[in-house]
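Numbering (our numbering), first residue to last: 3 to 494.
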């Protein structure tokens with residue numbers, strides 16, 4: 003599989019694209035005016051304890067207070083034994099026993115502010131490096147679940163145990179460490195040790211609301227998280243960013259240093275690879291499939307829904323086979339769209355109904371296989387009787403659409419406008435309401451050209467009846483800059 007990382011830098015924005023076999027799979031965007039906060043560590047203060055929610059609100063220097071749940075607070079916990087002797091996960095004690103108002107805490111942001119919600123916090127700090135994740139408050143040595151070969155998992159865990167010895171710090175081996183030698187892990191252990199000492203020193207001196215550890219800028223973060231032996235090239239169109247990236251790669255992954263190169267072309271790098279067009283397509287609801295079918299992707303506050311349709315695909319054998327082929331293609335396309343659009347939370351995929359149980363299993367297996375390359379954690383549940391697949395995808399930042407777009411001012415995010423007919427009758431009601439409240443000799447109605455045109459062409463008799471009813475003349479004036487739903491009734 004051919005994989006490349008493209009990094010496009012302008013003075014106020016950095017964008018990273020991951021391209022596999024010429025097809026865009028992932029887009030990351032960071033703007034200097036709105037850098038993400040995930041991974042940053044702050045000194046905060048508990049501003050309010052909410053016993054009913056088992057949570058507290060914390061001031062960390064952001065616009066809105068952040069949210070800290072009791073389950074995200076480090077504490078000694080004893081296992082609970084069920085009646086049958088099984089060990090159950092410990093329940094968090096009441097939030098009031100864990101924190102108090104005015105208390106200072108060191109917290110890390112695990113989810114950016116999204117919509118009207120503040121950032122989500124944890125006191126279970128974690129600091130990633132190239133091959134490891136440091137867990138300073140957890141004496142645990144683990145290996146990423148994405149490393150599936152048992153012999154490799156055992157080798158890495160044994161190697162890590164030898165490196166950390168009796169250290170009180172915990173570590174998780176990242177997926178990138180698969181196949182790496184002990185020297186690479188040793189360098190990361192030393193680096194993370196120095197970094198944690200610096201964080202502790204900063205935290206001791208910091209005031210409430212100050213950041214004591216900030217995650218890397220997007221370009222270096224992308225190299226840390228996405229760079230692996232299968233990446234053939236990293237192409238960067240900024241000399242300054244290239245130099246920083248080369249220093250970063252030379253320090254942490256020297257064996258891949260020669261793959262980082264400058265893109266000097268006149269044509270923008272995202273245009274050359276077709277990335278700009280793919281980003282525009284990712285902002286649309288409809289996703290065409292090669293077979294002629296299509297997906298409809300709807301993102302709402304509560305969940306994201308993906309509807310699968312056969313469209314123009316008629317198949318060549320029978321209906322069940324046509325539906326099965328469409329669903330297989332849709333499963334791969336849906337997995338790509340979730341990653342490309344950075345959609346998270348609860349996701350419902352409405353596949354076309356299938357009667358064959360084996361077909362259903364194959365569609366689910368293909369969906370899981372397609373999601374396996376996703377960096378975000380996903381969980382897929384069995385297909386329901388209605389052909390619905392429920393799944394979750396971990397969300398830490400805003401989706402691509404919410405990063406790049408805002409609600410339409412004309413429809414206020416509804417995705418539809420009132421018809422000219424509906425607005426016409428609203429205007430008539432508003433006229434009646436206005437003359438009952440205020441004295442006026444005549445009225446002037448300002449509205450969109452389409453609405454005024456409809457009133458004059460189709461509602462002449464209704465306007466005459468209304469003028470007779472209220473005993474006043476009404477004049478209509480078209481305003482080019484008015485949206486279809488906008489109007490004003492002026493008393494003269």
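All residues carry an ideal CB built from backbone N, CA and C; glycine is no exception.
Limits of the unbroken beta strand (DSSP E) element including residue i
i           : result
residue 395 : 390-395
residue 311 : 305-311
residue 28  : 25-33
residue 50  : 43-52
residue 387 : Run containing residue 387: none; DSSP gives neither H nor E here.
residue 17  : 15-22
residue 8   : 5-12
residue 233 : 233-238
residue 491 : 489-493
residue 38  : Where residue 38 is concerned, there is no enclosing beta strand (DSSP E), given that its DSSP letter is neither H nor E.
residue 347 : 347-352
Beta-carbon proximity of residue i to residue j, cut-off 7 Å
i           : j           : result
residue 214 : residue 204 : yes
residue 235 : residue 28  : no
residue 51  : residue 120 : no
residue 48  : residue 60  : yes
residue 194 : residue 240 : no
residue 308 : residue 337 : no
residue 345 : residue 399 : no
residue 201 : residue 125 : no
residue 354 : residue 329 : yes
residue 395 : residue 380 : yes
residue 385 : residue 362 : yes
residue 262 : residue 26  : no
residue 174 : residue 135 : yes
residue 289 : residue 333 : no
residue 196 : residue 177 : no
residue 18  : residue 224 : yes
residue 453 : residue 422 : yes
residue 12  : residue 220 : no
residue 161 : residue 184 : yes
Buried/exposed call for residue i, threshold 16 Cβ in 10 Å
i           : result
residue 331 : buried
residue 341 : buried
residue 484 : buried
residue 244 : buried
residue 449 : buried
residue 292 : exposed
residue 427 : exposed
residue 114 : buried
residue 418 : exposed
residue 110 : buried
residue 388 : exposed
residue 1   : Nothing can be reported for residue 1, as the shown portion of the chain is limited to 3 through 494.
residue 430 : buried
residue 209 : exposed
residue 285 : exposed
residue 495 : Summary: the structure shown does not reach residue 495, with the chain confined to residues 3 through 494, and so no result is reported for it.
residue 36  : exposed
residue 180 : buried
residue 10  : buried
residue 275 : buried
Beta-carbon proximity list for residue i, same chain, < 6 Å, skipping 5 on both sides
i           : result
residue 472 : 437
residue 138 : 127, 171 and 198
residue 68  : 60, 62, 120, 121 and 123
Bounding residues of the alpha helix (DSSP H) (the contiguous stretch that carries residue i)
i           : result
residue 361 : 359-373
residue 332 : 321-343
residue 425 : 422-439
residue 406 : 402-406
Other residues of its chain near residue i: CB distance less than 7 Å, five sequence neighbours each side excluded
i           : result
residue 58  : 48, 50, 51, 52, 70, 97 and 101
residue 252 : 259
Same chain only: Cβ atoms within 8 Å of residue i, ignoring 5 sequence neighbours per side
i           : result
residue 475 : 444, 445 and 469
residue 494 : 442, 443, 444, 445 and 446
residue 376 : 337, 340, 341 and 395
residue 257 : none
residue 40  : 111, 112, 113, 114, 217, 398 and 399
residue 466 : none
residue 390 : 350, 351, 352 and 353
Distance cut-off 6 Å: residue i Cβ against heavy atoms of the ligand ZN
i           : result
residue 128 : Absence of the ligand ZN is noted for the structure shown, with no ligands found whatsoever.
What alpha helix (DSSP H) runs, 4 residues minimum, are completely inside the stretch 246-295?
-> 271-274 and 277-283
Starting from the N-terminal side, write out each stretch of the alpha helix (DSSP H) that is 4 residues or longer and does not extend beyond the stretch 57-140.
-> 97-100
Could you tell me which uninterrupted alpha helix (DSSP H) segments, each at least 4 residues in length, are contained entirely in the stretch 143-222, listed from first to last along the chain?
-> 152-166 and 184-207
Whole beta strand (DSSP E) runs in the stretch 441-480 with 3 or more residues, listed along the chain?
-> 444-449 and 475-480
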